[in-house]
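Here's the structure we're looking at; comments come further down.
Numbering (our numbering), first residue to last: 13 to 263.
Below, the structure written as structure tokens:
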């Protein structure tokens with residue numbers, strides 16, 4: 013409806029990487045070109061993913077709650093902590109952002125495995141990522157980072173098929189689109205203990221406030237990731253590229 017009302021619009025610039033929130037067919041019918049900003053907040057998202065991983069592994073949200081709300085400083089009350097050095101991080105999707113996070117993880121001594129049917133072998137070798145089927149990744153990973161675009165082929169791709177294969181009670185982190193994860197399956201994995209904890213930057217429906225069941229509340233960290241620093245410059249550059257007929261567009 014909004015696109016149909018844009019009678020004088022020539023280009024829609026998506027202020028980010030993904031196109032899933034733009035009605036491409038409607039834009040095409042109205043002869044409006046659509047562009048994205050492929051390098052939008054590349055470093056920031058990778059850093060946020062690593063921050064979620066580290067804070068979850070070290071139970072920082074849990075410690076914060078104990079001290080702030082319960083006034084407890086008892087170290088014995090904390091869950092068991094595990095040494096990060098030597099852990100295996102599994103990457104579901106090995107695009108630029110997870111590869112950047114992988115470089116950071118290697119700095120902590122983590123081993124890297126990945127699943128991405130589109131990643132060239134030479135790129136995986138360059139970053140030291142051992143590629144394998146997603147089910148095998150689930151078996152060997154202590155940390156699972158999911159970062160894939162949302163499209164029909166990836167909708168709820170992270171679900172029961174993955175969580176049924178975990179063996180090391182990994183933590184699960186999602187920093188891409190909420191719709192790529194079957195959250196009912198994730199809740200079941202948390203409740204059964206198959207997944208130790210989860211950190212979710214996004215959920216499948218961010219318009220409703222629906223916290224997980226009470227017994228899972230301490231195992232789930234959620235964030236609302238927002239960026240501002242690159243918005244106007246990046247959007248302007250994308251528009252200028254279109255006006256100069258140098259921008260690859262979706263038709």
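Every residue, glycine too, gets a C-beta built ideally from N, C-alpha and C.
Under a 10 Å Cβ-count criterion, residue 17 is classified as exposed, with fewer than 16 other Cβ atoms of the shown protein chains found around its own Cβ. Assigned with DSSP and collapsed to three states, residue 184 falls in strand. In chain order, 78 place their CB closer than 6 angstroms to the CB of residue 84, counting only its own chain and leaving out the 5 sequence neighbours on each side.
One thing to note: residue 125 has its Cβ no nearer than 7 angstroms to the Cβ of residue 147.
Taking a cut-off of 8 angstroms for Cβ pairs, the stretch 168-182 and the stretch 199-207 touch, as three or more such pairs fall below it. Contact fails between the stretch 127-134 and the stretch 64-83, because fewer than three Cβ pairs, one in each stretch, are under 8 angstroms apart. Between residue 93 and the set 55, 127, 175, 71, the nearest pair of CA atoms involves 71.
Where residue 192 is concerned, there is no enclosing alpha helix (DSSP H), because DSSP gives it neither an H nor an E. Secondary structure note for residue 24: it is in no alpha helix (DSSP H), and the uninterrupted beta strand (DSSP E) holding it is 23-25. The beta carbon of residue 201 is closer than 6 angstroms to those of 175, 207 in its chain, skipping five residues each way along the sequence. Annotation: the continuous alpha helix (DSSP H) that includes residue 133 extends over 133-139.
Taking C-alpha positions only, residue 104 is separated from residue 65 by approximately 14 angstroms.
The criterion of a C-beta distance shorter than 7 angstroms is not satisfied by residue 61 and residue 136. Runs of beta strand (DSSP E) with 3 or more residues, each lying fully within the stretch 111-170, are found at 123-127, 155-158, listed in chain order.
For residue 102, the uninterrupted beta strand (DSSP E) segment begins and ends at 100-104. Exclusion of the five residues before and after residue 102 leaves 125, 149, 153, 156 as the residues of its chain whose Cβ lies within less than 6 angstroms of its Cβ.
For residue 18, the three-state secondary structure derived from DSSP is coil.
Residue environment: residue 158 is assigned as buried (16 or more neighbouring CB atoms within 10 Å of its CB, all protein chains considered).
In this structure, the CA atom of residue 144 is about 12 angstroms from the CA atom of residue 106. The three-state reading of DSSP puts residue 57 in helix, counting H, G and I together.
Within its own chain, the residues whose Cβ lies closer than 8 angstroms to the Cβ of residue 96, once the five positions on either side in sequence are excluded, are 66, 69, 120, 121, 122, listed in chain order. In this structure residue 170 touches residue 193 by the C-beta definition: roughly 5 angstroms separates them, less than 8 angstroms. Excluding five sequence positions before and after residue 115, the CB atoms of its chain that fall closer than 8 angstroms to its own CB belong to 139, given in chain order. Linking residue 198 to residue 56 through their CA atoms gives a straight-line distance of about 26 angstroms.
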